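Asker: Mind the numbering: the sequence shown is residues 17 to 302 in this note's numbering, read in order.
We treat Cβ as the ideally placed atom computed from N, Cα and C, and that holds for glycine.
Computed from a prediction, not measured in an experiment: that's the story for all the values here.
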Amino acid sequence: MAIKSGDKVTKTKHPKHPTPGIHRIAAIQMASGPYVAANLSEAERLIEIAVNQGAKLIALPEYFAIMGLKDTDKVAACENEGTGPIQRFLSKTAKKHQVWLIGGSVPLATDNPDKVRNACLVYDDKGKQVARYDKIHLFGFDLGTEHYKEKNTIEPGSKVVTVDTPFGKLGLSICYDLRFPELYRAMGEVDIIAIPSAFTETTGKAHWESLVRARAIENLCYVLAPAQGGYHASGRETHGNSMIVDPWGVVQDRLPRGSGIVISSINTAYMQSLRKSLPALKHRTL
């Protein structure tokens, strides 16, 4: 779906104003497998590491709860919104640690029994779900022995979603969305962009870092990009390189491969000073 300037943006209001100052944010990297319980256990372990290092906003990667042996496995594991083990885990964990938690993507049921919505869910520090973004752009790739068609098992979303948080205005996207800058322009001015992903090694080594840094630079905001990184039971290899990038395009922290976290401080005053020095967002003519 093409995003146009007039498209609807869902804005979830929470805190009236972001808390000024410096905040710690973290991105979780995983190499998820086909078993939901095992993946949630690993996610819990990594979240606790991030919490112990002071993170107050933590993001999990796309497909953190299940990377199946086949594409239809996520359909079998899908949940209705508001119920199910994956969503209970996210709510309970956010409340337990009193953090804001971004569930990279959760397979949610649709009216079509053969498809799911690939939904990014945000929970506040009381464990309440405060935002949902359904992935709009569905990955398709056909090169050599690699073939991916997300449209076969995923129903696309249509709404651009932002949410006000204590850390600033957060824009939500998932993986392949990264290639479509018009989506981020449709969000308006955001302070943080979340891009939970499962980039393939082939496309990731070619484009991942360039695209993540570009989104930070052109929007003069922080980018929080948790990713899958490693080999999966299905034979798929994901690129990893989870990173946090500042509004000047500088990579603050990065994890090349394997399970772990990246963590960084974000400084709202620094971001505002850059926007004042280089008011590119105000110079837009389209």
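Is the beta carbon of Lys173 sitting closer than 7 Å to the one on Asp150?
Answerer: As written in the sequence, residue 173 is Gly, which differs from the Lys given in the question. The answer is yes: Cβ separation under 7 Å.
Asker: At the level of alpha carbons, what is the spacing between Ile102 and His299?
Answerer: So the two alpha carbons sit approximately 43 Å from each other.
Asker: Three or more C-beta pairs under 8 Å: does that hold for the segment 113-129 against the segment 57-68?
Answerer: With the cut-off at 8 Å, the segment 113-129 and the segment 57-68 touch.
Asker: Only counting runs of 4 or more residues, tell me where the alpha helix (DSSP H) segments fall wholly within the segment 249-278, in order along the chain.
Answerer: If we require 4 residues or more, the segment 249-278 turns out to have no alpha helix (DSSP H) run fully inside it.
Asker: Taking the beta carbon of Val67 as the centre, do at least 16 other beta carbons fall within 10 Å, making it buried, or is it exposed?
Answerer: Under this definition Val67 is a buried residue.
Asker: Could you name the residues of the same chain whose beta carbon sits closer than 7 Å to that of Lys142, not counting the 5 residues immediately before and after it, in chain order?
Answerer: Cβ neighbours of Lys142 beyond the five flanking positions: Lys111.
Asker: According to the neighbour-count rule (16 or more other Cβ atoms, all chains shown, within 10 Å of its Cβ), is Asn168 buried or exposed?
Answerer: Asn168 should be labelled exposed.
Asker: State the Cα-Cα distance for the pair Leu302 and Gln45, rounded to the nearest angstrom.
Answerer: Rounded to the nearest angstrom, the two C-alpha atoms are 36 Å apart.
Asker: Which residues in the same chain have their Cβ closer than 7 Å to the Cβ of Arg273, if we skip the five residues on either side of it in sequence?
Answerer: Gly245, Gly246 and Gly256.
Asker: When you compare only the Cα positions, how much space is there between Ala249 and Asn55?
Answerer: Taking the straight line joining both Cα atoms gives about 13 Å.
Asker: On the three-state DSSP scale, how would you describe Gly246?
Answerer: Gly246 falls in the strand class under three-state DSSP.
Asker: Over the uninterrupted alpha helix (DSSP H) stretch that includes His223, give me the two end residues.
Answerer: Taken as a continuous stretch (DSSP letters only), His223 belongs to no alpha helix (DSSP H), as it is neither H nor E.
Asker: Please name the residue in Ile279, Ala241, Gly49 and Val261 whose C-alpha comes closest to that of Cys136.
Answerer: Closest option to Cys136, Cα to Cα, is Ala241.
Asker: Would Ile211 and Leu186 be called neighbours here (beta carbons separated by less than 7 Å)?
Answerer: No; because the gap between Cβ atoms is not below 7 Å, this pair is not in contact.
Asker: Roughly how many whole angstroms lie between the Cα atoms of Thr178 and Pro123?
Answerer: If I take the Cα positions, the gap works out to 20 Å.
Asker: For Lys131, count the other beta carbons within 10 Å of its own beta carbon; 16 or more makes it buried, fewer makes it exposed. Which is it?
Answerer: Classification of Lys131: buried, given that the 10 Å Cβ count is 16 or more.
Asker: Which word fits Ile38, buried or exposed, when buried means at least 16 other C-beta atoms lie within 10 angstroms of its C-beta?
Answerer: Exposed is the call here.
Asker: Buried or exposed for Asn134, please, with buried defined as at least 16 other CB atoms from any protein chain shown within 10 angstroms of its CB.
Answerer: That one is buried.
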